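Contents: one structure, followed by commentary.
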Amino acid sequence: MSNTKKIVTCGIFMAVVAIATIFIKFPTAIGYINAGDGFILISASLLGPLAALVGGVGSALADLILGYTRYVPATLIIKGLIGLGAGLFLRDKNLSLRNLLVFALCELWMVAGYFIFEAFFYSLASALGSVLPNLLQAAGGVVIAALGAPVVNQLSR
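Here's what the structure looks like:
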């Protein structure tokens, strides 16, 4: 992929992550899952480590737009590292057990990252209360990426 195409793809995915985080929501018994994480992981299969920018900037922009300003710096780092980790460790563009494991480990980082942030800025009880919703968010991200990455990679050829 040429540098120009990488920059354009990165920018498009930043916007897609922000929009998916804000508007594409799946209700659960304890809240909702948004589609943003899935698109971060999908972008990693196309962009490699540049997905760090997609995850960090796209998700932080969504937090800013939604008014979660206290979360913006944490989201920039946490979601950026999801994109970086997935971009560094995905080895092929096919749906494989290895890639599913990479997706899952990156999403577990998200759960841990927000736990640390919330324990520091709020309380341990608040952080513990966010673990289950974040695990559901993580599972949703893995499912979206598992279904979407092969399709996007096929279309990008």
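For our numbering, count along the sequence shown from 1 and bump the result up by 543.
Beta carbons: idealized from backbone N, C-alpha and C, even for Gly.
A quick note: this is a predicted structure, and the numbers were derived from the prediction, not measured.
Is the stretch 648-666 touching the stretch 552-572, taking contact as three or more C-beta pairs under 8 Å?
no
Label V654 either buried or exposed according to how many other C-beta atoms from any shown protein chain fall within 10 Å of its C-beta, with 16 as the threshold for buried.
Numbered from its first residue, the sequence shown carries residue 654 at position 111. Classification of V654: buried, given that the 10 Å Cβ count is 16 or more.
Who are the Cβ neighbours of A587 in its own chain at under 7 Å, not counting the five residues just before and after it?
Position 44 of the sequence shown, counted from the start, is the residue given in the question as residue 587. A594, G626, A629, G630 and L633, listed in sequence order.
L671 versus L590 - alpha carbon distance
Locating residue 671 in the sequence shown gives position 128, where the first residue counts as 1. Locating residue 590 in the sequence shown gives position 47, where the first residue counts as 1. Going from the Cα of L671 to the Cα of L590 covers about 34 Å.
What number of angstroms, rounded off, separates the C-alpha of G598 from the C-alpha of L604?
To locate residue 598, count along the sequence shown from 1; it is residue 55. To locate residue 604, count along the sequence shown from 1; it is residue 61. Answer to the nearest angstrom: the Cα atoms are 10 Å apart.
Would a C-beta distance cut-off of 8 Å place I583 and V560 closer than the cut-off?
To locate residue 583, count along the sequence shown from 1; it is residue 40. To locate residue 560, count along the sequence shown from 1; it is residue 17. In this structure, V560 lies closer than 8 Å to I583 by Cβ.
Top-ranked residue by Cα proximity to V674, from F664, A558, S602 and G656
Here the question's residue 674 lines up with position 131 in the sequence shown. Looking at the Cα atoms, G656 is the closest of the given residues.
Which same chain residues end up closer than 6 Å to I687 when comparing Cβ atoms and leaving out the 5 residues on each side of it in sequence?
Counted from its first residue, the sequence shown places residue 687 at position 144. Excluding residues within five positions, the ones whose Cβ falls inside 6 Å are A578 and G581.
With DSSP collapsed to three states, give me the class of K549.
Position 6 of the sequence shown, counting from 1, holds the residue named residue 549. DSSP places K549 in helix when its eight states are reduced to three.
Using 8 Å as the threshold, is the C-beta distance between I565 and I608 below it?
The sequence position of residue 565 within the sequence shown is 22, counting from 1. The sequence position of residue 608 within the sequence shown is 65, counting from 1. Yes, these two residues count as a Cβ contact at 8 Å.
Which of helix, strand or coil DSSP assigns to K636
Mapped onto the sequence shown, residue 636 falls at position 93. DSSP places K636 in coil when its eight states are reduced to three.
Is the Cβ-Cβ distance between A701 and I585 less than 8 Å?
The structure shown does not extend to residue 701, since the chain is modelled only from 544 to 700, so the question has no answer here.
Identify, in the order they occur along the chain, each residue of the same chain with its Cβ nearer than 7 Å to the Cβ of F569, setting aside the five sequence neighbours on each side.
Here residue 569 is taken as the residue at index 26 of the sequence shown, counted from 1. Cβ neighbours of F569 beyond the five flanking positions: Y575, I576 and G683.
Applying the criterion that 16 or more other CB atoms from any shown protein chain within 10 Å of the CB defines a buried residue, is S602 buried or exposed?
Residue 602 sits at position 59 when you count from the first residue of the sequence shown. Counting Cβ neighbours within 10 Å, S602 comes out buried, since at least 16 surround it.
According to DSSP, simplified to helix, strand and coil, what is I687?
For the purposes of this step, residue 687 is taken as the residue at position 144 of the sequence shown. Of the three classes helix, strand and coil, the one that applies to I687 here is helix, per DSSP.
By alpha-carbon positions, which one of N637, Y665 and V695 ends up nearest to Y614?
The residue you call residue 614 lines up with position 71 of the sequence shown. Among N637, Y665 and V695, the Cα nearest to that of Y614 is on Y665.
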